[in-house]
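One structure is given below, encoded as structure tokens.
2 protein chains.
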Amino acid sequence: MALPHAIMTALLEDDMSGYELAKAFDVSVGLFWRSSHQQIYQELHKLADRGWLQCATVAQAGKPDKILYTLTEEGRDAMAEWVLGESRVQEGKDDLYVKLYNLSEDNANHLTAEISRRREHMMQRLYLYEKIRRRHYANPVSLPVRRKGVFLALLAGIRQGEQFLAWCDEALAMLGTIDEPVE
Amino acid sequence: MALPHAIMTALLEDDMSGYELAKAFDVSVGLFWRSSHQQIYQELHKLADRGWLQCATVAQAGKPDKILYTLTEEGRDAMAEWVLGESRVQEGKDDLYVKLYNLSEDNANHLTAEISRRREHMMQRLYLYEKIRRRHYANPVSLPVRRKGVFLALLAGIRQGEQFLAWCDEALAMLGTIDEPVE
DNA sequence: CGCCAATATGCAACCTTTTGCACAGTGAGC
DNA sequence: GCTCACTGTGCAAAAGGTTGCATATTGGCG
Numbered sequence: 001m002a003l004p005h006a007i008m009t010a011l012l013e014d015d016m017s018g019y020e021l022a023k024a025f026d027v028s029v030g031l032f033w034r035s036s037h038q039q040i041y042q043e044l045h046k047l048a049d050r051g052w053l054q055c056a057t058v059a060q061a062g063k064p065d066k067i068l069y070t071l072t073e074e075g076r077d078a079m080a081e082w083v084l085g086e087s088r089v090q091e092g093k094d095d096l097y098v099k100l101y102n103l104s105e106d107n108a109n110h111l112t113a114e115i116s117r118r119r120e121h122m123m124q125r126l127y128l129y130e131k132i133r134r135r136h137y138a139n140p141v142s143l144p145v146r147r148k149g150v151f152l153a154l155l156a157g158i159r160q161g162e163q164f165l166a167w168c169d170e171a172l173a174m175l176g177t178i179d180e181p182v183e
Numbered sequence: 184m185a186l187p188h189a190i191m192t193a194l195l196e197d198d199m200s201g202y203e204l205a206k207a208f209d210v211s212v213g214l215f216w217r218s219s220h221q222q223i224y225q226e227l228h229k230l231a232d233r234g235w236l237q238c239a240t241v242a243q244a245g246k247p248d249k250i251l252y253t254l255t256e257e258g259r260d261a262m263a264e265w266v267l268g269e270s271r272v273q274e275g276k277d278d279l280y281v282k283l284y285n286l287s288e289d290n291a292n293h294l295t296a297e298i299s300r301r302r303e304h305m306m307q308r309l310y311l312y313e314k315i316r317r318r319h320y321a322n323p324v325s326l327p328v329r330r331k332g333v334f335l336a337l338l339a340g341i342r343q344g345e346q347f348l349a350w351c352d353e354a355l356a357m358l359g360t361i362d363e364p365v366e
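Same order as they appear, the protein sequences are chains U and C. Under our numbering, residues 1 to 183 are what the first sequence spells out, in order. Under our numbering, residues 184 to 366 are what the second sequence spells out, in order.
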């Protein structure tokens, strides 16, 4: 289970509140381990209880108070240890492919539309990836070690995305040859 | 949630028992929606209660009795309806990438080993995919409609797998440039 | 006969994730 | 003053999934 570690990863460099964390997630580790703000708040409590995070209420000008979380030494140690553990192969779960097992003349149009939507969604995702890449990882060879790891994760996202677009095109071409049912 | 529908998909062509289903899963829909036998047995009960499956105890020679499940008309209707619904984009969750966010000299060797293991695992998976492809989907254009859908799912698996292997090689090359810490 | 492996089904406890809701402070605009 | 949007935190219930155990039949091997 990686959520607590994904959260601590986000806190490696910056102290953050739950709200900030939830937003930062959308453009960093969260790209590889998504979760909702409810889950994040809950997990932050657990991590603080375990002594891996420390928290402090901070007053802000023009905004409600926030609770700032800081990674403790114990937290850093736990992270280092976790990385050295076994990680299980993540098996895919995507109902799009289950639906494809049920392809028929009746639903070919619908599935075509779903794949188009997925394609569109992935294009946006790739646009985000490329923006991050250009901004922070233009020259990967010169990066410090940790950032090289982040770059590799980003690269995996980019490659997967590009591959998915190509598959969508193949799939759409094939689905285009299926005739609609006569009414 | 697609588990019930993945199960019904597996029962589209053949009636099966929970045990047979669990095994069939490993080489068909289960490739895209994995689940444990416990979950399958549980779900079969629910589906039978809902009237989407019918069950019958069957005596066997040389083996314990089994409970054979058959898709009902209601079940088929529910499937057809489900395919036409919205399916949400499946966000990836893989701790390998979270771990890469924590790359350091201390864990580079470990992560190299993990990626190698993943690569090996994916090679085996691809071998299975290719075996299925050669055996059943050598000439996709001539397939009946439903089988074309299955082929497209298979193709997605193959493409994703090949892309992953290529990424592993890139990652391993980059990790190879990181020096071990001096003891 | 005893033991193991394969076939076959299932419960119960637990953990994780999702869903829907609730509350409260602040600034901007009407 | 009212409403809206954004910031900020959280609970509670339900659904989904994992882990570990329990049980029973049959056939094969030593």
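Every residue, glycine too, gets a C-beta built ideally from N, C-alpha and C.
Continuous alpha helix (DSSP H) stretch holding A349 (chain C): start and end: V328 to L358 is the extent of the alpha helix (DSSP H) around A349 (chain C).
For L267 (chain C), does the three-state DSSP call read helix, strand or coil? coil
In the DSSP assignment, what are the bridge partners of M16 (chain U)? U:Y69
Taking just the CA atoms, how far does L338 (chain C) sit from Y320 (chain C)? 10 Å
Residue nearest to E20 (chain U) in terms of C-alpha spacing, selected from U:H121, U:H5 and U:L44: U:L44
So does E74 (chain U) have its beta carbon nearer than 6 Å to some heavy atom of the ligand ADP? The ligand content of the structure shown is nil, which means the ligand ADP is not present either.
Would a check of beta-carbon distances place H319 (chain C) closer than 7 Å to chain U? By this cut-off, H319 (chain C) is not an interface position.
Just to make sure I have the definition right: I need the residues of chain C whose C-beta is within less than 9 Å of the C-beta of G75 (chain U). Which are they? Chain C residues near G75 (chain U): none, gap ~12 Å exceeds 9 Å.
If you run the structure through DSSP and keep just helix, strand and coil, what is V241 (chain C)? strand
Would you kindly work out how many angstroms separate the C-alpha atoms of L71 (chain U) and I158 (chain U), rounded to a whole number? 30 Å
So, V266 (chain C) versus N102 (chain U), is the Cβ gap smaller than 7 Å? yes
Segment limits, alpha helix (DSSP H) that includes D278 (chain C): D278 to L283
Can you tell me whether K148 (chain U) is buried or exposed? The criterion is at least 16 other CB atoms within 10 Å of its CB, across all chains shown. buried
Counting only beta-carbon atoms, is D169 (chain U) nearer than 7 Å to chain C? no
Note down, in chain order, all residues in the stretch 184 to 218 of chain C with a beta-carbon under 7 Å from any beta-carbon belonging to chain U. So the list reads A185, H188, A189, T192, V212, F215, W216 and R217, given in the order they occur along the chain.
How would you write the range of the alpha helix (DSSP H) that M1 (chain U) sits in, first residue to last? Here M1 (chain U) belongs to no alpha helix (DSSP H), and DSSP marks it neither H nor E.
Distance between Y97 (chain U) and R119 (chain U) (C-alpha atoms, nearest Å): Distance between the alpha carbons of R119 (chain U) and Y97 (chain U): 14 Å.
List the DSSP bridge partners of K246 (chain C). C:Q243
Please report whether the beta-carbon of D179 (chain U) lies at a distance below 7 Å from any beta-carbon of chain C. no
Taking the continuous alpha helix (DSSP H) assigned at D179 (chain U), which residues delimit it? In the DSSP assignment, D179 (chain U) falls outside any alpha helix (DSSP H), carrying neither H nor E.
Please identify the residue among U:M1, U:R34 and U:M79 whose C-alpha is closest to the C-alpha of S287 (chain C). U:M79
So which residues on chain C does K93 (chain U) lean against when the C-beta distance must stay under 8 Å? A185, F215, W216, R217 and Q273
C-alpha distance - F215 (chain C) paired with A56 (chain U), whole-angstrom precision: 44 Å
Taking 7 Å as the CB-CB limit, is N109 (chain U) close to chain C? no
Using a Cβ-Cβ distance cut-off of 7 Å, determine whether A100 (chain U) contacts chain C. Correcting the residue identity first, residue 100 (chain U) is Leu in this sequence and not Ala. Interface residue, yes.
Quick check: what's the CA-CA separation for C168 (chain U) versus D95 (chain U)? 15 Å
Below 7 Å on C-beta distance, what does L84 (chain U) contact in chain C? N290 and H293
For I361 (chain C), which residues of its own chain have a beta-carbon under 7 Å away from its beta-carbon, when the five flanking residues on both sides are left out? Excluding its 5 nearest sequence neighbours in each direction, I361 (chain C) has C-beta neighbours in its own chain below 7 Å: E288 and A291, listed in chain order.
What three-state label does DSSP hand L286 (chain C) in the structure shown? coil
Distance check for V333 (chain C) and A59 (chain U), CA to CA, integer angstroms please. 57 Å
Euclidean distance between Cα positions of L175 (chain U) and K276 (chain C): 29 Å
Give a yes or no on whether the C-beta atoms belonging to G51 (chain U) and E74 (chain U) are separated by under 7 Å. yes
Specify the secondary structure class of L236 (chain C) as computed by DSSP and reduced to three states. strand
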